[in-house]
Every structure is written in structure tokens, then in C-alpha cells.
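Heads up: the sequence shown begins at -11 in the working numbering, then just goes up one per residue.
We put the CB at the ideal spot given by N, CA and C, even for glycine.
Model, not experiment: these values are computed from the prediction.
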Amino acid sequence: MQSQDPSLSRKSSEQKLAELALNIGELSDAEAAQQLLELSGEFRYYNLEAEIAVPFKKAAADLKLKLDAKLKALQEEATATPVPAVKSAPTAAVTEDVEEAEPSEEEAPTESALEEAPAQQEMFAPAAEKKSLNDRLAGNVLKFGLNDRIGFVNDLFDGSQEDFDRAVSQLNTLSSLSEAMEFIETDISGEYGWDEKEKTVARFIAAVEQKFS
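Here is the structure:
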């Protein structure tokens, strides 16, 4: 029997069978048997092709269900993650020029009080500077909208919310833009193939630059 051509269609084989039924009286027994044998092989091919296609269709359906479930989980997780509130700039205090009255002899500060004042200022100055630095660092973190967050997770971190959160946390601990760019080029860009995702990478870098501006 000749090998079956994958391009054969069931419709053409059915047409051949109909023509054979009409013309079988004009064929010899050997010719009729040969054509019937060839048509039988074609129909067996179609049946085998259909049997093979069934598990592939089922596997494709299962894969689609898993991908849909993964996407839904990422969207729910992104929705549940609170977006950091934008810290409003402190309102400028209105200063007023107050005319200072010269102290009277009774109100004049004593020499000991004048000596204690600088010492107290030096004692509280480091604490005030530390508090100011902590407040500035706490308010200056990477901020993303919901759509950007989902886009960065899917495009830049291969769909891993955990990897995205880990990278953002590390960037928030850095103190300068140069350190942040070095971390991105050394530990992130190559691992996730950012060279082929220029537009999304540009949006992510813009958010990092805004953090250190």
C-alpha cells in the first residue's frame, strides 16, 4: 500500500469512493480491489489523525485553564496590595517678624543660662537630624499604579510577583540613583532579558529616577 499524503482530505476520499461505486462495473476485480484497498488506507489515516488530535486538544485546554487561573491570581494579588499613598508636601509655615524687646535688668539671662543653652542645642541636634533623615527615607519609596505594577510583573519579571517585590524592596534600601542603576544592570536586567523590552524598561527606570529626584 502506498504511504498516505498528509494533505489528503476526507472529502476527496469520499468523492473517490462514490466514483468507484458508480464505475465499479467497468473495472476488473483486481483494479476494483486495488482502489478499495487504497481508499481503506486513506480512511484509516483520517481516523488515526483524529485519535491523535484528542489528547493534544485536551492538553491545550488544560494549559489554558492553568494560565487563566495564574493571571486571575496575579490580578487579585495586585488588587489586594495597597498602593502607597503619595505623601503631601508640608505646607510652608508663615513666618512673622516679631520685634524683640530688649530684656530688662531683671529679665536679663544669667551667665550660667547662656552657657547651658549651646550645650542643650548640641545634645538635641543629632536626634533631630536622625529623625529628619528617617522621615525622608520612609516617604521616598518606589510607587507604582495598578496597571504599571501588573505590566512590570508580567513583562519584566516573567510573571513572578515575588521576584518583583524582592527587587523593589532592595531598590528602596539604596541611597542613590547610581547604586540603583548598578543593581538593575548587575542583578536584574540580564537575568530577565530586559534588552528586548525597552519600552517597559524605560517606564520602570523613570519610576526609579523619580524616587531619587
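What three-state label does DSSP hand residue i in the structure shown?
i	result
Leu144	helix
Lys185	coil
Ala16	Note that residue 16 corresponds to Ser in the displayed sequence, not to Ala. Coil at Ser16, not helix or strand.
Val129	coil
Phe112	Note on Phe112: pLDDT 47, under 50, position unreliable in the model; no value is reported.
Thr69	coil
Phe171	helix
Leu55	helix
Ser201	coil
Ser163	coil
Ser157	helix
Ser177	helix
Ser(-3)	coil
Val86	Interpretation of Val86 is limited by its pLDDT of 44, a score under 50 that renders its predicted location unreliable; no figure is taken from the coordinates.
Lys119	Only weak support exists for where Lys119 lies, its pLDDT of 44 falling under 50; the value from the coordinates is given anyway. Helix, per DSSP.
Between the beta-carbon of residue i and the beta-carbon of residue j, is there less than 8 Å?
i	j	result
Gly138	Ala66	Checking the sequence shown, residue 138 turns out to be Ile, not Gly. Cβ atoms of Ile138 and Ala66: closer than 8 Å.
Phe145	Asp136	no
Val141	Ser148	yes
Ser0	Leu27	no
Leu130	Lys45	no
Leu8	Gln22	no
Inter-stretch contact at 8 Å, needing at least 3 Cβ pairs: the segment 157 to 168 / the segment 178 to 187: no
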